[in-house]
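These notes concern the structure reproduced below.
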Amino acid sequence: MGSMEEEIRLNDSKLGTKQYWNEFYQKEIENFDENDQDTGENWFDDSDAERRVIDFFINMVDEGQFGSDELNILDLGTGNGHFLFELNEEIEEQDIAVKLLNNGIDYSPESVEFAKKVALKRFSNQSYTFEEVDFIRKECQYLDDNKEKFDVIFDKGTLDAIALNNDPVDGFDGKIGVDVYPLQVAKLVKSGSLLIITSCNFTEQELTKIITQAGDFKVFKNVEYPSFQFGGQKGSTICTIAFEKL
């Protein structure tokens, strides 16, 4: 049997490189400049993941899970900002009694530029803060400036992308991004706060191992998706798990 580290390795891919995402979002900016109705990709659209995660979050707010009517949230790897825009639109439509302090970070400067453009043009009635941050780096000022700041962190594919690059991260004794991820993210949330991750590259078991192995998080709750059966095994092509900071 292989070690845990061997069990959770993915093959390298261009989707794990900064260059790929810079070029991707540069194209998205060009498309948006031509047609401001084109706000880019909605990740995991086929599985309706965004809607399920938003409903999951709103249900927790309704149930008083957070004990506050003002929540500091972070979209980790914000891309085009679509998730934050949709979340706020839904809260407004349903008249949910919560104020969100909206933050999005991404290591691609083109992503941040695109999200800012869309926010300014299409969603100027809400306040959003988008910043260029590579939170996997050892020396990351953002982690120091925002220590234990957030009540909820959302990740819809960022860990997936990080796991597609197996280069060691400088300053972490040979650890790669997928191992560094939970160590760095843990710095941004206080005890009892939630990290809600959606992945199509890992099973629930693998995702749980990755996030809980350092001892900072435990599983809080899973988001349910339709499952399929194949060869006697039940599964899903996607999973979302909410982890609680210990």
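Using the UniProt record's numbering, the letters of the sequence shown correspond one by one to residues 1 to 246. Note that the Cβ used here is the ideal one computed from N, Cα and C, for glycine as well. These numbers were taken from a predicted model, which means no experiment stands behind them.
Under the three-state reduction of DSSP, GLU28 is assigned to helix. For PHE57, the uninterrupted alpha helix (DSSP H) run begins and ends at 49-62, by DSSP.
The way I'd put it, the region 126-133 doesn't touch the region 159-178; fewer than three beta-carbon pairs between them come closer than 8 Å. ASN165 and ASP69 have their C-alpha atoms roughly 39 Å apart.
Three or more Cβ pairs closer than 8 Å define a contact, and the region 195-215 meets that threshold against the region 237-245. Counted as a single uninterrupted DSSP element, the stretch harbouring ALA242 is not any alpha helix (DSSP H) but the beta strand (DSSP E) occupying residues 239-245. For LEU76, the closest alpha carbon among the candidates ASP216, GLU224, GLY157, PHE220 is that of GLY157. Its Cα nearest to that of PRO226, the residue ALA49 stands out among ALA49, GLN37, PHE32, ASN102. If you compare the alpha carbons of PHE32, ASP151, LYS117 with that of LYS99, the shortest gap goes to ASP151. PHE56 and ALA214 have their C-alpha atoms some 26 Å from each other. Excluding its 5 nearest sequence neighbours in each direction, LEU246 has C-beta neighbours in its own chain below 8 Å: SER191, GLY215, ASP216, PHE217, LYS218, listed in chain order. LEU159 sits close to TYR181, with the two beta carbons spaced by under 8 Å.
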